[in-house]
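Participant:
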Amino acid sequence: MPVEITAAIDVSAAAIVVSAKSRCRRLKWKRLFRQRLWQRFRKPLPLWKRSPRFRKNPLPKTIHTILIPEKESSDRLVHMRKHLGTCLLLAAGLQMLSAAPRILVHGHRGARAMRPENTIPAFNYAIDVGVDFLEMDVAVTKDNVLVVSHDPHMNPEICTGPHPGIAIHEITLRELREYDCGTLKNPRFPKQQPVPGTRVPTLDEVLNLSRRGTFQFNIETKSYPDHPELTPPPDVFAKMMLDEIRKHKLESRVIVQSFDFRTLRAMKRLAPDIRLVALWEGDTRPFVEIAREGEAGIISPYYPLVTPEQVQASHAAKLEVVPWTANTPQDWQKLIDAGVDAIISDDPEALIAFLKKKGLR
Ligand code: G3P
Ligand code: CA
329 MPVEITAAID VSAAAIVVSA KSRCRRLKWK RLFRQRLWQR FRKPLPLWKR
379 SPRFRKNPLP KTIHTILIPE KESSDRLVHM RKHLGTCLLL AAGLQMLSAA
429 PRILVHGHRG ARAMRPENTI PAFNYAIDVG VDFLEMDVAV TKDNVLVVSH
479 DPHMNPEICT GPHPGIAIHE ITLRELREYD CGTLKNPRFP KQQPVPGTRV
529 PTLDEVLNLS RRGTFQFNIE TKSYPDHPEL TPPPDVFAKM MLDEIRKHKL
579 ESRVIVQSFD FRTLRAMKRL APDIRLVALW EGDTRPFVEI AREGEAGIIS
629 PYYPLVTPEQ VQASHAAKLE VVPWTANTPQ DWQKLIDAGV DAIISDDPEA
679 LIAFLKKKGL R
């Protein structure tokens, strides 16, 4: 009886299913099968295929079919089964290699451990060391320009200028540019190298860096339900961000994060395809519940809140877990053991070196 052996390899799940059914054609199955498997798995997945978006919609199952000539099929079947085992073992091995977990790295405020936070030098540094994401915070000036700053006020600890502590939303971009945010060294980061004369960048300037690679952007709306005077209303803020993202055609390379879920929900209504991140630092609550509240596909908790159980439940709900902001090998290891998808760190260079040593990059 003619035989067709079909091996279906699910690239995302490392599952291999074999079925045999009748039909026929030609043999050379062993070489063909090995060849096909090798072609399929020899190259590492390109970066875009390793992205969270891709992982959510993995490749369809790859079907490998081996066709046996009718006249040979019956006596060859026994022989074939033996070799099929070898092939499947080989496939499983290659599959395991190709599916080795890869922890993505987000450079927090660029690379705050090395350069003044949320500045072009910090973002360039992070790009140079090979981050997957640039993490940044966004505020809005009085003349409605999106600028990259963690604090809603000109923080006198890291910026010098005419009115220390003034609200960014009370000054124009021209006034904001009078402040130097590169001279004062952040005492919390001894390795940080000052870059005197560095100004607060606009989001436009930071998104222009997209030409430097294929990394992505993790952009936080710094919006405060208790302080509406510091930002535009959430829907306006979300629309401004979306316009900027679209201007740069970066919809597929941006994730939008916030503690203020009003901005996430507003973004969801405006552009359902933009990936959203629910930030969390409060009580221990199910991550799944928090993400649902923010209508987000990614949960980004303060890193000590991460447990293997929370990560498992999140993954079961098809959520990614991206904790912030872990800066020591001990904390990185705990997060890796818990199964997180990415880690946000002030020192992405050290984190990348750590992951490489562990074979996780
Ligand atoms: O990406 C999350 C993290 O940046 C949130 O904390 O205060 O540094 O913006 P914060
Ligand atoms: Ca942030």
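Using the numbering used here, you'd call the opening residue of the sequence shown number 329 and step up by one each time. For every residue, glycine included, the Cβ atom is placed at its ideal position computed from N, Cα and C. Quantities reported herein were computed from a predicted structural model and do not represent experimental measurements.
#1: If you measure between the beta carbons of T653 and D674, is that distance less than 8 Å?
#2: Once the 5 residues before and after C487 are set aside, which same chain residues still bring their CB inside 8 Å of it?
#3: Nearest to V475 by alpha carbon, out of L531, S580, R437 and G610?
#4: Enumerate in chain order the residues of its own chain whose CB-to-CB distance from R540 is below 6 Å, with the five nearest sequence positions on each side excluded.
#5: For ligand 2, which residues count as neighbours when the test is a C-beta closer than 5 Å to any heavy atom?
#6: When the Cα atoms are used, what is the spatial distance from N452 to E463?
#7: For I627, would you say it is in contact with chain B, using Cβ-to-Cβ distances shorter than 8 Å as the test?
#8: Alpha carbon to alpha carbon, what distance is there between E623 and W660?
#9: Taking W652 as part of the beta strand (DSSP E), name the residues at either end of that continuous run.
#10: For ligand 4, is there any heavy atom lying closer than 7 Å to the beta carbon of V476?
#11: Between H481, A670 and A641, which has its C-alpha nearest Y558's C-alpha?
#12: Starting from the C-beta of A594, find all residues in its chain whose C-beta is less than 6 Å away, skip the five residues before and the five after it, and write them out in chain order.
#13: Alpha carbon to alpha carbon, what distance is there between I494 and D601?
#14: What does a CB cutoff of less than 6 Å around V690 pick up in its chain, not counting 5 residues either side in sequence?
#15: Can the beta-carbon of I431 be found less than 8 Å from the beta-carbon of V616?
#16: Extract the residue ranges of the beta strand (DSSP E) inside the stretch 438-514, only unbroken runs of 3 or more that lie entirely within it.
#17: If the criterion is Cβ atoms closer than 8 Å, does the pair K575 and A467 meet it?
#18: As a quick exercise: from R597, T635 and R590, pick the residue whose alpha carbon is nearest that of T612.
#19: Alpha carbon to alpha carbon, how far is A599 from L578?
#20: Kindly indicate the opening and closing residues of the beta strand (DSSP E) around T549.
#21: Take P524 and list the residues in its own chain whose beta-carbon comes closer than 6 Å to its own, dropping the five residues that flank it on each side.
#22: Less than 8 Å between the C-beta atoms of T500 and D465, yes or no?
#23: How many Å lie between F543 and A670 at the Cα?
#24: Identify whether H392 lies in helix, strand or coil by the three-state DSSP scheme.
#25: Answer with buried or exposed for S714, where buried requires no fewer than 16 other C-beta atoms within 10 angstroms of its C-beta.
#26: Give me the Cα-Cα distance between F461 and G489, rounded to the nearest whole angstrom.
#27: Under 8 Å, do E621 and F589 count as touching if we go by C-beta distance?
#28: Alpha helix (DSSP H) containing P562: first to last residue?
#29: Is T591 a contact residue of ligand 1, with contact defined as CB to any heavy atom under 7 Å?
#30: Assuming S628 is part of the alpha helix (DSSP H), what are its boundary residues?
#31: W652: beta carbon under 7 Å from a heavy atom of ligand 1?
Facilitator: Well, looking at it:
#1: In contact: T653 and D674 (Cβ atoms closer than 8 Å).
#2: Same-chain partners within the cutoff: Y507, D508, C509, L512 and V528.
#3: The residue among L531, S580, R437 and G610 with its C-alpha nearest the C-alpha of V475 is L531.
#4: Annotation for R540: I455 place their beta carbon closer than 6 Å to its own, counting only its chain and skipping 5 residues before and after.
#5: Sorted by chain position, residues whose beta-carbon lies closer than 5 Å to a non-hydrogen atom of ligand 2 are D465 and E548.
#6: For N452 and E463, the distance between alpha carbons rounds to 12 Å.
#7: No chain B appears in this structure, which consists of one protein chain only.
#8: Spanning the two alpha carbons is a distance of roughly 27 Å.
#9: Element bounds for W652: n/a, residue is neither H nor E.
#10: Among the ligands modelled here, namely ligand 1 and ligand 2, ligand 4 does not occur.
#11: The amino acid occupying residue 558 in the given sequence is Leu; Tyr does not appear at that position. For the options H481, A670 and A641, the alpha carbon positioned closest to that of L558 is the one of H481.
#12: Excluding sequence neighbours, A594 sits near P562, D563 and A566.
#13: Between D601 and I494, the C-alpha separation is close to 36 Å.
#14: Since the first residue shown for the chain is 329 and the last is 689, residue 690 is missing from the structure and cannot be characterised.
#15: No; because the gap between Cβ atoms is not below 8 Å, this pair is not in contact.
#16: Counting whole runs of 3 or more residues, the stretch 438-514 contains the beta strand (DSSP E) stretches 461-468 and 474-476.
#17: Taking 8 Å as the Cβ cut-off, K575 and A467 do not qualify as a contacting pair.
#18: Per the C-alpha coordinates, the member of R597, T635 and R590 positioned closest to T612 is T635.
#19: Rounded to the nearest whole angstrom, the CA to CA distance from A599 to L578 is 13 Å.
#20: That run of the beta strand (DSSP E) goes Q544 to T549.
#21: The answer, listed in chain order, is G510 and T511.
#22: It is not a contact, given that the beta carbons lie outside the stated cut-off.
#23: Rounded to whole angstroms, F543 to A670 spans 14 Å at the Cα level.
#24: With a pLDDT of 38 at H392, under the threshold of 50, the predicted position of this residue should be treated as unreliable, and no value is reported.
#25: No answer is possible for residue 714: the residues shown for the chain start at 329 and end at 689.
#26: Answer to the nearest angstrom: the Cα atoms are 30 Å apart.
#27: Yes, the Cβ-Cβ distance between E621 and F589 is below 8 Å.
#28: Secondary structure note for P562: its alpha helix (DSSP H) is the uninterrupted segment P562 to K575.
#29: Not so, every heavy atom of ligand 1 lies at least 7 Å from the Cβ.
#30: Here S628 belongs to no alpha helix (DSSP H); instead the beta strand (DSSP E) covers I626 to P629.
#31: Because some heavy atom of ligand 1 lies under 7 Å away, the Cβ of W652 counts as near it: yes.
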